[in-house]
Amino acid sequence: MKLKSIKFVPILIAISTIGFACFFQSAFFIRHFDLFEHLELKTYDQRVKAAIKFPKPCSTNLSFVRLDEVTLKLLSENSESWANLSWPFPRQMHGRLVRELSKQQVKAIGFDVIFGELRDLDAPVVMPDNSMMESDEFFAAQMRAAGNVILAAEASPIDKSASADERSARNLQRVFPPPLFATNAMAVGDIAADSDADGVLRRARAFVDDPDYGRRWHMGIILAAKELGLDLKQALIRPQQIILNSSSGVQRTIPIDAKGFFYINWSIPVNHPSLSVTPYALPIFLDEIRRTGTPELYRETLESFRKDSGFTNLIGDNPFKDKIVVIGSILIGNNLTDTGATPLNKKDFLVSKHWNVANSVITNQFIRRSSHLIDLLIIIAMGTLAAVLTLKLRAVSASAAVVAILCIYVAACFLLYVQYLYWIPIVIPVIGAMLMTHVCMVTYRVRAEQKERRRVKAVFSRIVSPNVVNELLNTEKLSLGGARRKITVFFADVRGFTEMTDVHQARAEEYVRENNLTPEAAEAHYDEQARETLATVNTYLGVIADKVKEHYGTLDKYIGDCVMAFWGAPTPNEKHALCCVRAAIDAQRGMHALNLERAAENQRREQANPARITAGQRAFDMLPLLSLGSGINSGTVIVGLMGSDAHILNYTVFGREVNLASRLEGVSGRGRIIIGEGTYRDLQRDDPKLAATCVELPSVTVKGIKNAVKIYEVPWKQEIAPAIDKSPSSVKSIPVS
2 MKLKSIKFVP
12 ILIAISTIGF
22 ACFFQSAFFI
32 RHFDLFEHLE
42 LKTYDQRVKA
52 AIKFPKPCST
62 NLSFVRLDEV
72 TLKLLSENSE
82 SWANLSWPFP
92 RQMHGRLVRE
102 LSKQQVKAIG
112 FDVIFGELRD
122 LDAPVVMPDN
132 SMMESDEFFA
142 AQMRAAGNVI
152 LAAEASPIDK
162 SASADERSAR
172 NLQRVFPPPL
182 FATNAMAVGD
192 IAADSDADGV
202 LRRARAFVDD
212 PDYGRRWHMG
222 IILAAKELGL
232 DLKQALIRPQ
242 QIILNSSSGV
252 QRTIPIDAKG
262 FFYINWSIPV
272 NHPSLSVTPY
282 ALPIFLDEIR
292 RTGTPELYRE
302 TLESFRKDSG
312 FTNLIGDNPF
322 KDKIVVIGSI
332 LIGNNLTDTG
342 ATPLNKKDFL
352 VSKHWNVANS
362 VITNQFIRRS
372 SHLIDLLIII
382 AMGTLAAVLT
392 LKLRAVSASA
402 AVVAILCIYV
412 AACFLLYVQY
422 LYWIPIVIPV
432 IGAMLMTHVC
442 MVTYRVRAEQ
452 KERRRVKAVF
462 SRIVSPNVVN
472 ELLNTEKLSL
482 GGARRKITVF
492 FADVRGFTEM
502 TDVHQARAEE
512 YVRENNLTPE
522 AAEAHYDEQA
532 RETLATVNTY
542 LGVIADKVKE
552 HYGTLDKYIG
562 DCVMAFWGAP
572 TPNEKHALCC
582 VRAAIDAQRG
592 MHALNLERAA
602 ENQRREQANP
612 ARITAGQRAF
622 DMLPLLSLGS
632 GINSGTVIVG
642 LMGSDAHILN
652 YTVFGREVNL
662 ASRLEGVSGR
672 GRIIIGEGTY
682 RDLQRDDPKL
692 AATCVELPSV
702 TVKGIKNAVK
712 IYEVPWKQEI
722 APAIDKSPSS
732 VKSIPVS
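Take a look at the structure:
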């Protein structure tokens, strides 16, 4: 079965393009084709930046104690004990920090600092009873007393099925607090920064199952669990989610991927107003004053920090009360620098991931990525919409509509993320589904339309004038399959053709007899006479066809020695009757001019023949002079392509008005133009002067028409008929709407 490409090929293109887009979106393939995922992640980063401009409710008890240059300066300038302070700090300083924060009743303390080993070089601490305690032991004792300190560990997950050598090699990359610290801390949290392939930190691992140290949760999750009372030991680990419950009925569901990662909700940068930020030096000073000073000095120190250092968020005598405190470094230019790329900045302080994760759990605001099924449905919907628009609209209009929908879709993707933290794909639905479907289908349409243009040009280039062909090719909607149109039909018959044929045949037979030609020679002579006869009639028919095209008519067909043409289709023409009559007048005048030329040639031949006969040559034949009879009628007919794609196609007209035009040609005689009543009425409207020259003839009864019809004769001779304006501006074709 032969498929019609105009119906099925675009559909196949759309299905194929959408299918490829779905294939690329599949999770398996994306892992091996990083380009699309890389671009998608870039659009995700832009959504994160957009969301930060529309802040959502955040936890108000998050605090960041920062280890910075201000700390080093303040401690060096204001304390003889720390005059030459440098990193790494003595462990007793961390103990003093924990002691002061514990005194202020903080909820939890998270150290984004790796304590990988014990230090024997730190000076011991003088206790109130004047006894001495090692710096590491003092730090451990303060953690034990506080009961809410989370230390940091950093390592990749270890495969339990790995060999001993492989596990030993992996152990070299693991950093875990020594037992003295780990056993006195409330918990050990994972702080690994698992950046994506482009170096941007977007995700965090919810937990790490270590065969040696057990399960370690992300530090941000531990901090939030302390705030909400979530029981991490009773966590329900399910595919794509982790469910945490508390004894008070609070529940949190963390969405994770197949590897246990979740996306960090970067909603609180370092400079966020809801984040309480203080230098590491402040708790140290407060601890010192609490032990040796007075309450007034304590409050003065806090007030000094508020005014002089700009830390206006230090409220009350215990500014850290009920806070979740993250301790980390923003030092620059040493081995404590912890910066990297995040969706918000190319260079950001990565310590911020902990309070962002904690805030996400506390406020129950998680980033959720659409499922694979939803992604595929979006791709199918976008591709189908692009296909429908491309098929239904013009190329330019379809392109504009596709671009508009893409903008709306991208805006919707941003809105969904900003409002609901819901991430749906942009790259493959936009590029792979909608744009590629549109581009492929437009490309096909361009090629198909070019093919159609060639077909239309092939059909019409020999039957209409070049400007009509161009108009057809530029027409947006063109019906060639059959339609009712009001047109004017023109039949022009070359009179004398039959007699000429008989004369030529008799002359050829006489020549064969007189010269006693052989059968082969006789056949060749007959063929030569036939060619001359055909050349003669083609000369006259060519004059008529040229005049039809000059007046923007459609040349339908040659019926023997008769020409059929019409005006008003395939492109509408309001003055079709006037154009046709003017073409008929020009055809008669062209025939007359041609006969004058042939008559002059006959005179030259008559003068040359005696000499040719004397020389024994064959005398020149006289050129026949033919005349023209024309019949014209206007009315509503059926017009369209007749035939089939497998055979000859002919763009033609048929109906009562066509038959009447043919009958009027039959009664026109020689050298006359006969028009019907419909044509005459149109002439009165479009060219009253020309209509006034027409002569009404007695009504006639013609074959196939029941009643007698009114007819008129149009004069065409120069001394009778008016001059004809042949300029294109005089008669314009009306473009198809």
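For the sequence shown, the numbering used here assigns the number 2 to the initial residue and increments by one for each residue that follows. By construction, the Cβ of each residue, glycine as well, lies at the ideal position given by its N, Cα and C atoms.
Given residue i, which residues of its chain have a CB within under 6 Å of its CB, disregarding the five upstream and five downstream residues?
i, result
"Ala15", "Ala388, Thr438"
"Gly705", "Asn660"
"Tyr541", "Val495, Leu627"
"Val696", "Glu714"
Please classify residue i: does DSSP put it in a helix, a strand, or coil?
i, result
"Gly294", "coil"
"Thr343", "coil"
"Asn516", "coil"
"Tyr264", "strand"
"Thr653", "strand"
"Cys408", "helix"
"Ala141", "helix"
"Val327", "strand"
"Asn357", "helix"
"Lys487", "strand"
"Tyr281", "coil"
"Ala193", "coil"
"Val564", "strand"
"Asp288", "helix"
"Glu714", "strand"
"Val362", "helix"
"Met187", "coil"
"Gly575", "Note that residue 575 is Glu in the sequence shown, not Gly. The answer is coil: DSSP assigns Glu575 none of H, G, I, E or B."
"Tyr423", "strand"
"Gly632", "strand"
"Ala620", "coil"
"Leu691", "helix"
"Glu697", "strand"
"His33", "Residue confidence is low: His33 scores 43 on pLDDT, short of 50, so the model does not pin down where it sits. No coordinate-derived value is stated."
"Gln506", "helix"
Might you give, ordered along the chain, the residues of its own chain that have their beta carbon closer than 7 Å to the beta carbon of residue i, omitting 5 neighbours on each side?
i, result
"Ala259", "none"
"Ala600", "Leu626"
"Pro180", "none"
"Thr702", "Ala709"
Counting C-beta neighbours from all protein chains within 10 Å, is the total for residue i 16 or more, i.e. buried, or is it exposed?
i, result
"Arg532", "exposed"
"Val592", "According to the sequence shown, residue 592 is Met rather than Val. Met592 comes out buried."
"Trp88", "exposed"
"Pro426", "buried"
"Val99", "buried"
"Arg300", "exposed"
"His577", "buried"
"Cys408", "exposed"
"Thr184", "exposed"
"Gly569", "buried"
"Glu228", "buried"
"Pro1", "Residue 1 falls outside the range modelled here, since the chain spans only 2 to 738, and no answer is possible."
By Cβ distance, which residues of its chain are closer than 8 Å to residue i, with the 5 residues on each side in sequence left out?
i, result
"Ile381", "Ile19, Cys23, Ala434"
"Val403", "Ala387, Leu390, Thr391, Met435, Leu436, His439"
"Ser136", "Pro91, Arg92, Gln93, Gly96, Arg120, Asp123, Ala124, Pro125, Val126"
"Ser728", "With a pLDDT of 43 at Ser728, under the threshold of 50, the predicted position of this residue should be treated as unreliable, though the coordinate-derived value follows. Closer than 8 Å at the Cβ level, and outside the excluded window around Ser728, lies no residue."
"Asp195", "Leu202, Arg204, Ala205, Arg206, Phe262"
"Ala588", "Ala493, Val544, Ile545, Lys548, Val549, Leu629, Ser631"
"Ser268", "Ala52, Ile53, Pro56, Lys57, Cys59, Asn357, Asn360, Ser361, Gln366"
"Thr534", "Met501, Thr502, His505"
"Gln530", "His505, Gln506, Arg508, Ala509"
Any alpha helix (DSSP H) of 4 or more consecutive residues that is wholly inside the region 90-131 | 92-104
Check whether the region 558-575 touches the region 485-494, taking contact to mean three or more Cβ pairs, one atom from each stretch, closer than 8 Å.
-> yes
Contact between the region 661-673 and the region 607-625 (3+ Cβ pairs under 8 Å) = no
Would you be able to state if there are at least three C-beta pairs under 8 Å between the region 344-359 and the region 209-221?
-> yes
For the region 298-306 against the region 117-134, are there 3 or more C-beta pairs whose distance is under 8 Å?
-> no
Okay, do the region 102-118 and the region 324-331 touch, 3+ Cβ pairs below 8 Å being the bar?
-> yes
Any chance the region 181-191 sits against the region 239-251, with 3 or more Cβ pairs inside 8 Å?
-> no
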